[in-house]
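951 is the number of the first residue of the sequence shown in the numbering used here; add one for each residue after it. Every residue, glycine too, gets a C-beta built ideally from N, C-alpha and C. Working notes, beginning with the structure itself.
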Amino acid sequence: MNADARKSVLRMIPYGIYVLTALDGKGGVAAATVNWVTQTAFAPPLIVIGVKTDSGAYALVKSVGKFALNMLGKSGKGLAFTFFKPAALAGQQISGQAFLVGNNGAPILEAAIGAVECTVKTIVEQGDHHIVVAEVTEAHLPAPIAGRPDAAILEMKDLGENVFYGG
């Protein structure tokens, strides 16, 4: 296979930018920028997320079995870069970002334009990113979205000409 062609073609897949968050109740926190996300079922509402297997976020989500997926808006570029690095919990802030605790105990970032709380249903353990299948148990929308909801989300291409994932 031509490696350059593979990389270019796989980078044609559009990616939204999200922050996966979780708490373990003992001071452990996960907050990681993720982009391999899609809804896979309406009833029950299921999403899947690819999470890097050697990340702290993966270990915590696998352990506690619940998390929040925070949607970043077009103005959330700084947040995306903040959570490319390991997260630190200090009071009611994760890496300097204020949050509320959701019904499932996961952090909901106040700066997110929307969020869903999720319960892990299964994990498909293949490759360097495992696929977490989760049921959406709660949804948060702090303010109405003007226009198409999918147009409000920050996308990988919004992060700059040199930021890619995949390939």
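Per DSSP, reduced to three states, the secondary structure at TYR965 is coil, with no helix or strand assignment.
Here the alpha carbons of ALA1096 and VAL1001 stand approximately 30 Å from one another.
Under the DSSP assignment, LEU1050 falls in the beta strand (DSSP E) whose first and last residues are 1047-1051. Within the region 1030-1078, the runs of beta strand (DSSP E) that reach at least 3 residues and sit entirely inside it are, in chain order, 1047-1051, 1057-1059 and 1064-1074. Annotation: LEU1109 is outside any beta strand (DSSP E) and is labelled neither H nor E by DSSP. Looking at ARG961, ASN952, ARG956 and VAL1082, the one whose alpha-carbon comes closest to that of GLU1111 is ARG961. In this structure, PHE1033 lies near THR983, with their beta-carbon atoms less than 8 Å apart.
Residue environment for ASN1053: exposed (fewer than 16 other C-beta atoms within 10 angstroms of its C-beta). The C-beta of GLU1067 has 16 or more other C-beta atoms within 10 Å across all chains shown, which makes the residue buried. Each of SER958, THR990, LEU973 and THR1003 was checked against the Cα of ASP1078, and the nearest Cα belongs to THR1003.
DSSP places LYS1027 within a helical segment (H, G or I) once states are collapsed to three. One alpha carbon belongs to LEU1109, the other to HIS1080, and they sit about 24 Å apart.
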